[in-house]
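Working notes for the structure below.
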Amino acid sequence: MTKNNNPINFQIKAVKTIEFCFTPPDRTIKKGERFTFKLKTEFLVNIEKNVVAIRLTVEMFDKKRAKLIASIKTENYFEIKDLKQFIQKDHSDSIKLPDLLLSALINISIGTARGILITKVGGTVLDQMVLPIIQTNALIPLKPIKFKEELIKK
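In this note's numbering, the protein residues as written are 52 to 205.
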């Protein structure tokens with residue numbers, strides 16, 4: 052919802068896997084073994100096309116050895132109706148999206164990365180590994196998002 056409680060209309064426009072890396076562990080992974088995950092988000096904005104993209108990087112570490120086992124970088128493109136309404140008045144090169152909308156976009160991006168990761172590691176020693184449910188509050192930017200239109204090629 053916007054400040055005046057109007058619904059925000061958005062839809063997924065595209066999903067891209069930018070990179071994927073998998074290094075088989077040098078030891079046997081036991082069923083039910085836990086991994087450590089590190090997530091990073093970047094936000095890309097194209098006001099003219101009403102597009103916000105979330106570039107999500109997920110790194111998975113062997114918890115016992117703190118060694119990187121797998122990583123994936125995805126981009127999820129969302130079309131948000133009338134994106135211009137979120138431009139900051141004091142910073143014309145930034146937007147401030149509602150936290151609820153950002154949380155929804157991040158959750159969709161994480162779920163998409165989870166599915167891609169399951170597909171990529173299926174049949175390997177990591178096929179029991181699943182990216183856990185993540186609380187997205189820590190991934191929501193505190194400051195307005197600067198435009199990075201040159202990074203969006205769509």
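Where is the CB? At the ideal position from N, CA and C, for every residue including glycine.
Scanning Val102, Lys114, Leu151, Leu119 for the CA closest to the CA of Tyr128 turns up Val102.
Taking a C-beta distance under 8 Å as the contact criterion, Leu107 and Ile161 qualify as a contact pair.
Between the stretch 116–125 and the stretch 171–186 there are three or more C-beta pairs closer than 8 Å, enough to call the two in contact. A Cβ-Cβ distance of about 6 Å is found for the pair Thr125 and Thr68, placing them in contact under the 8 Å criterion. Taking the CA atoms as reference points, Asn158 sits about 16 Å from Ile131.
Boundaries of the alpha helix (DSSP H) around Val172: 150–172. Where Val96 is concerned, the enclosing beta strand (DSSP E) starts and stops at 86–97. In the structure shown, the three-state DSSP call for Asn127 is strand.
Excluding its 5 nearest sequence neighbours in each direction, Arg165 has C-beta neighbours in its own chain below 8 Å: Val181, Leu182, listed in chain order. With fewer than 16 neighbouring CB atoms inside 10 Å of its own CB, Asn188 falls in the exposed class. Our two residues, Ile167 and Gly173, have alpha carbons roughly 10 Å apart in a direct line. Separation of the CB atoms of Phe86 and Asp113 is rounded to 7 Å, and the pair is thereby assigned contact status at 8 Å. The C-beta distance from Ile191 to Ser154 rounds to 6 Å, short enough to fall under 8 Å. Excluding the 5 residues flanking it on each side, Lys91 has same chain C-beta neighbours closer than 6 Å at Thr108, in chain order. Minimum Cα-Cα distance from Pro75 among the listed residues Ile184, Lys171, Asn60, Gln186 corresponds to Lys171.
Around the CB of Ala104, 16 or more other CB atoms lie within 10 Å, so the residue is classed as buried.
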